[in-house]
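As they're listed, the protein sequences go chains A, B, C and D.
Numbers in my numbering are just positions in the first sequence, counted from 1, shifted up by 1.
Numbers in my numbering are just positions in the second sequence, counted from 1, shifted up by 33.
Numbers in my numbering are just positions in the third sequence, counted from 1, shifted up by 7.
Numbers in my numbering are just positions in the fourth sequence, counted from 1, shifted up by 159.
Written out below as structure tokens is the structure these notes cover.
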Amino acid sequence: MTLATTDNVIAAEPSLLVRMMRMLLADKFALSAAIFLLVILAIAIIGPSWLGDLATKQNLRGRNLPPFDWTRTWVWWMGADALGRPLFARIIVAAQNTLMVAAGAVILSSVIGTVLGLIAGFSSPRTGQIIMRLADVIMSFPSLLIAVIVLYVLGSSILNLMLVLAITRIPVYLRTTRAEVLEIRERMFVQAARVMGASSKRILFRHILPVVLPTLTTLATLDFAYVMLAESALSFLGIGIQPPEITWGLMISQGRQYLTNAWWLSFWPGLAIILTTMSLNLLSNWMRIALDPVQRWRLEMKGGKNG
Amino acid sequence: MAEHLLEVRNLSVEFHTAAGVVHAVKSISYHLDKGETLAILGESGSGKSVSSSAIMNLIDMPPGRISGGEILLDGRDLLTMPAEERREVNGRRVAMIFQDPLSHLNPVYSVGWQIAEAMTTHGLAGSKAREEGLRLLRRVGIPEPERAMRKYPHEFSGGQRQRVMIAMALALRPDLLIADEPTTALDVTVQAEVLKLLKELQRETGMAVLIITHDLGVVAEIADRVVVMEKGTLVEAGTVREIYKNPQHPYTRKLIAAAPGKGVMHEPGARAEPLLSVRDVRKTYGSFEALKGISFDLMPGETMAVVGESGSGKSTLARALLRLDEPDSGTALWKGRDLFALSPSELYKLRRDLQMVFQDPTQSLNPRMTVFQLISEAWVIHPDILPKARWRERVAELLAQVGLSAEHMSRYPHQFSGGQRQRIAIARALALEPQLIICDEAVSALDVSVQAQVIELLDKLRREMGIAFIFIAHDLPVVRDFADHVMVMQQGEIVELGTIREVFETPRQAYTRALLAASLSPDPDAKAGCPEPPAADAEILIPKRSH
Amino acid sequence: ESGPIKIVLPEEADLLEPCMATRSNIGRIIMQNVSETLTELDVRGGKGLMPRLAESWEQKEDGSWRFNLRKGVKFSDGTDFNAKDVKYSFDRVMSDKNACESRRYFGGMNIKIDVVDDATIDFTVDPVQPILPLLLSLLTIVPEETPMEFVREPVGTGPYELTDWTPGQQIVLTARDDYWGEKPEVTEATYLFRSDPAVRAAMVQTGEADLSPSISQTEATNPATDFSYLDSETVYLRIDHNIEPLNDVRVRRALNLAIDREAFLGTLVPDSAVLATAIVPPPTLGWNPDVKVFPYDPDQAKKLIEEAKADGVKVDTPITIIARTANFPNVTEIMEAIQAQLQEVGLQVELKFVEVAEHEVYYSKPFKDGRGPQLVAAMHDNSKGDPSFSMFFKYDSEGTQSGFADPKVDDLIARANAAVGDERAKLWSELIAYVHDEVVADVLLFHMVGFSRVSERLDFKPTMATNSMLQLSEIKIK
Amino acid sequence: MLRFIRQRALASLISLIGLIVMVFFLSRMTGDPAALFLPVEASAEMKDQFRELHGLNDPILVQFARYVGDVATGDLGQSLRKARPALDVVLEAFTWTLWLAIITMTLVTGAAIVVGSLGAFRSGGFFDRFSSMISLVGASVPDFWLAIVAIVIFSINFAILPTSGTGSVLHWILPIAVLFVRPFGIIVQVVRGAMVGALSSAYVKTARAKGVKSGPIIFIHALRNAMLPVITVVGDQAASLLNGAVVVETIFGFPGVGKLMIDSILQRDFNVVLAAILVTAIAIFLMNVLIDLAYALLDPRIRH
Ligand SMILES: Nc1ncnc2c1ncn2[C@@H]1O[C@H](COP(=O)(O)OP(=O)(O)OP(=O)(O)O)[C@@H](O)[C@H]1O
Ligand SMILES: Nc1ncnc2c1ncn2[C@@H]1O[C@H](COP(=O)(O)OP(=O)(O)OP(=O)(O)O)[C@@H](O)[C@H]1O
Ligand SMILES: [Mg+2]
Ligand SMILES: [Mg+2]
């Protein structure tokens, strides 16, 4: 937004970026989360080219090798899978696909859902009604059927998978946004903006959206986990990502049958998902505070003490 | 030493902000006895609300911090009291009327429930509490109290909400009532009722009242003693008479001198082509008729004051004119075009010419925007007004004009006092350089010195730029100083409409006369001889200006 | 001793229709328990075909068959069993008012049935069908009164009748008092359904069930209760010979040589599985012990590919392995390993997993035009003792899953089908060897084993047929 | 109110019809049921005959017209696989699912509100960090994993609960416990987020000034203001339960609509798929009506 430029902070105050950094430093949990996510992101970018070969090298005789064998190189520390491939390396290589599908689906569904929700809450009742009933339809369309249809008609690929998962998640964002908009649009500051002649677009995105955004971010971070796991369920049914592509979800579903005798097969990818979700959530909780002027002191005070 | 009911000793409060620590209250001390009324006067933003919130334990800590002092209630320090005991004090022994009734009422519960809760919390049976609530609503003059009990805060007018707050605070007959600007949104007749109610209760129960106000008339009417605050410190204390007759501190002197109602009455010029011509505007909420056919004309550069009973439809009219609530019928010709018939896109083009300052400043400011963003938003929306490079400069200028400073620019609304927020809202309306500003109680939360400054500013704009005003107010002296015409409303109708001189000097309607009669004089000695003929009264309540 | 037992199965029967009893999820419950057949194949001993509702049968001069039926047999609805019921049962299977699955065993023949008397019935088949008595082990007998449409409450002559069916929850069979044969020890069998193998195993362990005929290899850890058995399923990769480079026998041979079958045993495939040299498992008629499993010889494979390449065969074309998810245990890992091994010898191999409906599109004719070279991983089940149930479909030029056309193969199949006794066995053996060694028709992998968990209360050993038939009368209670 | 319901019913009917039309045509693009019903060895004639028998040989529009006609008379057709009315099959399964969903969501909502609110009340405190962590793990743990672990612990090791199946109250405990976890995790976070905002509002100060105890401040004053997003997300989670909790149904042998739907989709048993979607859609539509009414009930500003 044009208003968020640096010139709106008077000279005595540090720039926005510096302030955000300080606030991040003030929250140890959020800081660790941010670092973890950066690492995951880096891994996702370089993983396949770095460890791609190692992660697919099979060794049937070393299958289901247990973890914590420190005598071997680090890629073996998490043990090996049913084809004797190092789990650590596979998790690293899988990060790319996993994040692509999850981030793609979450971003797509949240953006579409939010925009539709804003429109549904703010426009004429008729438009609202149409959008909402559309959401009802998507909501009652079993995601699995969408998956079968899309993947059967369009074929299975990462992009299509992302699409399927995105479609099924639209209604949450849509309904949440609309419900909040209905209330927020009655608030006085929204009316004040109307009096100033702000366009609907500006009112929606500048005045209403920021109020709904924290809730949506919370939902989106949780959806990350949902999407990663749903993708695993689809793989298991034969309509998701299939080997030799790998994702954490697929690794989990492959480890499923070994749950009782080789727990590590599904445990590590599960842990990766949990840690990613947790980091995202810690970060979104931090952001909720950092972006809310009424709450921001929580971070700034701490920052002050630390600094 | 006889123990005081309330004793505040060396209280200091500070707030942490991004830009540094704000010392809102700096080592103030005062005391209050049973049955006594202490008024806190002072500049807007001087720490009146903060210090009284400290008594109620309502300061957000952190970011706020009580950095020193003690608050003794019957000799016991409230600041060190165990939490459970502290909670029992609130509501039962000390009650508070908040400055900003809309945000302080829970939007999702009916008013009746909220009033009753004050009592049930402290052990009263539900049915009894409702009965009592009903009685209180009636006492504060809410029409149709039975129905009102079931209504939600947003369905009330500003003054009605304030009265709901009052009813809530009085529910448990506290030993100490802290009233933060309890009558800012009330017309003078209702204000008189409320003050009478307070005095009665004081007589009955020996309640002590700590009243924060900027209205010298109210002070004169109800207070025994006065303390004056400026910039977080206590600058003067004394009885009402002492302070009024013999102010010591320069600020106090300025305050008293600034009391409105002493200027020359405007004489509107010849009627020309009206800027705005309103005909037969009606608006109903369900079966309730809020506006019953309002018609008037407004010339360019003129000020139309709207006064009248709380709940008579003043804000509704303002909202209807701006199409914030669609009126049911009627026309409003703006330079010959009917505002009510415009399509949204046409309306959009006209928006910048018509601005409004809302009655509830807090709610009308987006809590997530800094003051700079709030004010400069006008130029983001209408980029042709001002090039971006000049925004900062102009914001600073506007802030200075309404008595704030440039360093407030990066603060957020919640970091301001009620009066300061109101001034931000005014600055925002001015930023658009409109042709008509509708001011809904725009200066009611300002202390007289700032009020005078703002009124002067508005008057200057009117003279120099020809801005017209619809000025909703209950403060008759202000109206007298500023307006050209007055429109008196009662129950959704205009009961009297005329030039300022016509209405103030020869009121025709009984209601107008009552209104003028109920206006309070800041002179504590004036109240004895109050119910004189209204016309003369209007003269009496104007002390001599000390130039 | 006698008493009730509980059996936990992987999937519920959607129907209990006798003419669908050849489908394993239905047959496991009603075959020979509720609905009986005229003949029955001995899967435990080597007794071959045994009488059940037919006491004896003979082939007449003209090639037709006469069956002498058992007398005094009653259906569970109280009606008597006689030859008319047999005729009706057959007609019902062949009717177009239903979609009886067992009809497929009688395809391509013209059958005329004559009821001689109540206890005698003649089958005249054109062309002459030497294995008609074996085929009749697949024809369940229903009373004449049964409607043509599918029924949900089967009536049969078997030792049990259906007494309760709560869809989604359980099916209960109770022993009949008026059964013609020996009274079984199991008085009542309750069937439960759980799709998760770990849960099935756990249920026997906790005593919630007495028998789980299929648990996973990883669960089968307790020697006291867990048994493995050769389960008549054969895993193979069907080669599509029509598309280059798979039309070259050297490439097909290279595929076979490139796979280290031994390495799978005891790892991804149970130790006791058998490396396959034919599409049918060892106890089948004509199974050829002289055919040897392809050795693991990647060097030879590479050489063959080089040779083919030198001859202009496009060996670099990517070959797609198409497999069905959850088709058999470890299917993904096995296919991934095979993919890796094939790539090792220099082939370009892609892997594609599809769900069951899509798999069918690749597996059966008509094949799609414009397809690339494909290997379809599939599993074939033949527990019926005769290769005729497999060979036509898989290898005849007309066979729906056949990936090639070879006149010699067609001829061998036709002759074997018409032959009897040793001649039949010899012809099948010849076919098996020819298909494996000369045509190199496909990549045969394993004859699979299943695992079952049997409570120590019971005395029961699963057999090859357990997948499709679970005779309660064979279960003894300790 | 009556107008609202009438309008809503009409709009819902239209979208329901749209849904059915969509599913009808789309599902038929996904392959031939004959190939799946009959064994791979079945001949072309057999397949053809099967299609003839079930009217699958007719042009798709004819099939559709016939279906519409049947539905209009209340007949949702027969299940291909089960040879019984599709609606019976679905309703049987749906009853189980409905109960499972209702019980689970009631427990989840109650628990999540309490935990999330308390977390928000002392946000950043130990309880907040701890409950956030637990709920986040819950929201991201694979459910089959939980299910198997629960069976191993409670059925095998301690032998206090049955592994799976139906029959007694005990049989419900594990499925509900496993289903509980993920929605709980999600809703706790949503409640917490909304409550942090609500608890810093001015009206909370008023309540404190009245001397209201912390309990009512959290659960009466702030909570109702924070409920809007919460009930929306509760609705979303409930909808996914109504669509069937596949994993739990699969592992615990719970005869719900989720597994039925999957099986029917994979087997292309179209009538069952359609009936299942119809039934769940009606349930979800009804639920959304309730949720919209709840919005208005909770927040008078939304009432119009
Ligand atoms: N949360 C906060 N952060 C920073 N500054 C604050 C905060 N709250 C109040 N202040 C500052 O404290 C000062 C005192 O505010 P207070 O509300 O007590 O003023 P007041 O005397 O009641 O004024 P008014 O008459 O306008 O209501 C103001 O200058 C205000 O800017
Ligand atoms: N949304 C609503 N629903 C129902 N009644 C309403 C609503 N808004 C306002 N009213 C009623 O309309 C009447 C006029 O309200 P309005 O706000 O215009 O009063 P006002 O003249 O501005 O009073 P005040 O001086 O107290 O602000 C009041 O009686 C109020 O109760
Ligand atoms: Mg104040
Ligand atoms: Mg008003």
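Note that CB positions come from ideal geometry on N, CA and C, so glycine has one too.
- Between residue 401 of chain D and residue 442 of chain D, the C-beta spacing is below 7 Å.
- Unbroken alpha helix (DSSP H) stretches of 4 residues or longer found wholly inside the stretch 208-239 of chain B: 221-238, given in chain order.
- Around the beta carbon of residue 238 of chain D, 16 or more other beta carbons lie within 10 angstroms, which makes this residue buried.
- Closest by C-alpha distance to residue 211 of chain B, out of B/267, B/202, B/401, B/217, is B/202.
- Counted as a single uninterrupted DSSP element, the beta strand (DSSP E) harbouring residue 262 of chain B occupies residues 258-263.
- Within chain D, the residues 314, 321, 322, 323, 324 have their CB atoms less than 9 Å from the CB of residue 215 of chain C, given in chain order.
- With respect to residue 342 of chain C, residue 354 of chain C sits apart: the two C-beta atoms are not nearer than 7 Å.
- Residue 389 of chain D has its alpha-carbon roughly 36 Å from the corresponding atom of residue 114 of chain B.
- Here residue 23 of chain C carries a coil assignment [DSSP, helix/strand/coil].
- For the stretch 219-245 of chain A, the set of positions with a beta-carbon nearer than 7 Å to some beta-carbon of chain C reads 238, 239, 240, 243, 244, 245 in chain order.
- DSSP places residue 407 of chain D in the helix class (H, G or I) of the three-state scheme.
- Looking at the DSSP output, residue 107 of chain C bridges to nothing.
- Under the 7 Å criterion on CB atoms, residue 209 of chain D is classed as interfacial with respect to chain C.
- If the five residues before and after residue 415 of chain D are omitted, its C-beta is found closer than 7 Å to the C-beta atoms of 252, 255, 256, 259, 403, 404, 408, all from its own chain and listed in chain order.
- Every residue whose beta carbon comes nearer than 7 Å to a heavy atom of ligand 4 appears here in chain order: B/190, B/191, B/192, B/218, B/347, B/348, B/392, B/473, B/474, B/505.
- Leaving aside the five residues that flank residue 59 of chain B on each side, the residues in its chain whose CB is nearer than 7 Å to its CB run, in chain order, 45, 265, 266.
- By the neighbour-count criterion, in which 16 or more other beta carbons inside 10 Å mark a residue as buried, residue 469 of chain C falls on the buried side.
- In this structure, the CA atom of residue 187 of chain D is about 13 Å from the CA atom of residue 214 of chain D.
- Look at residue 451 of chain B: its beta carbon is less than 6 Å from one of the heavy atoms in ligand 1.
- When the five nearest sequence neighbours on each side are left out, the beta carbons in the same chain lying within less than 6 Å of the beta carbon of residue 185 of chain A are those of 209, 212, in order along the chain.
- Neighbours of residue 98 of chain A in chain D, taken as residues at a C-beta separation under 9 Å, are lacking, since the least C-beta distance is about 17 Å.
- The beta carbon of residue 358 of chain C falls within 7 Å of a beta carbon belonging to chain A, placing the residue at that interface.
- Taking a Cβ-Cβ threshold of 7 Å, none of the residues of chain D is close to residue 196 of chain C; the smallest such distance is about 16 Å.
- Within chain C, no residue has its beta carbon less than 8 Å from that of residue 248 of chain A; the closest one is some 13 Å off.
- At a threshold of 6 Å, residue 233 of chain A does not count as near ligand 3, since its beta carbon sits no closer than that to any of the ligand's heavy atoms.
- Any Cβ of chain D closer than 7 Å to the Cβ of residue 182 of chain B would place that residue at the interface, and such an atom is absent.
- In the structure shown, residue 274 of chain A falls within a helical segment according to DSSP collapsed to helix, strand and coil.
- Nearest in C-alpha terms to residue 515 of chain B, of all of B/462, B/99, B/293, is B/293.
- The straight-line gap separating the alpha-carbon atoms of residue 322 of chain D and residue 263 of chain D is approximately 19 Å.
- The beta carbon of residue 37 of chain B sits closer than 8 Å to those of 64, 65, 66, 105, all from its chain and outside the five residues before and after it, given in chain order.
- Under the Cβ distance rule, residue 342 of chain D does not count among the residues neighbouring chain C, no pair being separated by less than 7 Å.
- With a cut-off of 6 Å, the C-beta of residue 284 of chain D is classified as distant from ligand 2, since no heavy atom of the ligand falls inside that distance.
- Going by DSSP, residue 362 of chain D is part of the alpha helix (DSSP H) stretching over 361-368.
- Of A/187, A/142, A/183, A/195, the smallest CA-CA separation from residue 169 of chain A is found for A/142.
- Not a single C-beta of chain B is nearer than 7 Å to the C-beta of residue 288 of chain A.
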